[in-house]
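Structure first, commentary second.
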Amino acid sequence: DCGEGEGLIQCLSCSGTHAWCPSCVLKAHQHNPFHNLQLWNGRFYETTTLQAQGYIMYLGHGGEPCPNLS
Numbered sequence: 089d090c091g092e093g094e095g096l097i098q099c100l101s102c103s104g105t106h107a108w109c110p111s112c113v114l115k116a117h118q119h120n121p122f123h124n125l126q127l128w129n130g131r132f133y134e135t136t137t138l139q140a141q142g143y144i145m146y147l148g149h150g151g152e153p154c155p156n157l158s
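Under the numbering used here, think of the first position of the sequence shown as 89, with each following residue one higher.
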């Protein structure tokens, strides 16, 4: 979607056969952190997670980082 990264990640939980770059998959799944993702490794799709793509789940402050982090 962004045109900046290669669409190497697909979501088995979402409908359709859309592929995302790492940045877009994080944005698209911000509120669906437990979806089942696969990453194209050059030969086949292998299981990955949003956490492996850099996702951080914030449990307080309305889903935003704590303002008191130092």
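Think of the CB as a built atom: it goes at the ideal place given N, C-alpha and C, for glycine as much as any other residue.
Asked                                                                                                                                           : Found
At which residues does the beta strand (DSSP E) containing C99 begin and terminate?                                                             : 97-99
Could you check where the beta strand (DSSP E) with E125 kicks off and where it finishes?                                                       : Checking the sequence, you will find Leu at residue 125 rather than Glu. That run of the beta strand (DSSP E) goes 125-128.
Please return the same chain residues whose Cβ sits closer than 6 Å to the Cβ of C99, not counting the five positions on each side in sequence. : H123, L125
Going by the DSSP bridge assignment, what does E134 pair with across the sheet?                                                                 : L127
So is L138 buried or exposed if we call it buried at 16+ other beta carbons inside 10 Å?                                                        : buried
Identify the continuous alpha helix (DSSP H) that holds L114 and give its terminal residues.                                                    : 110-116
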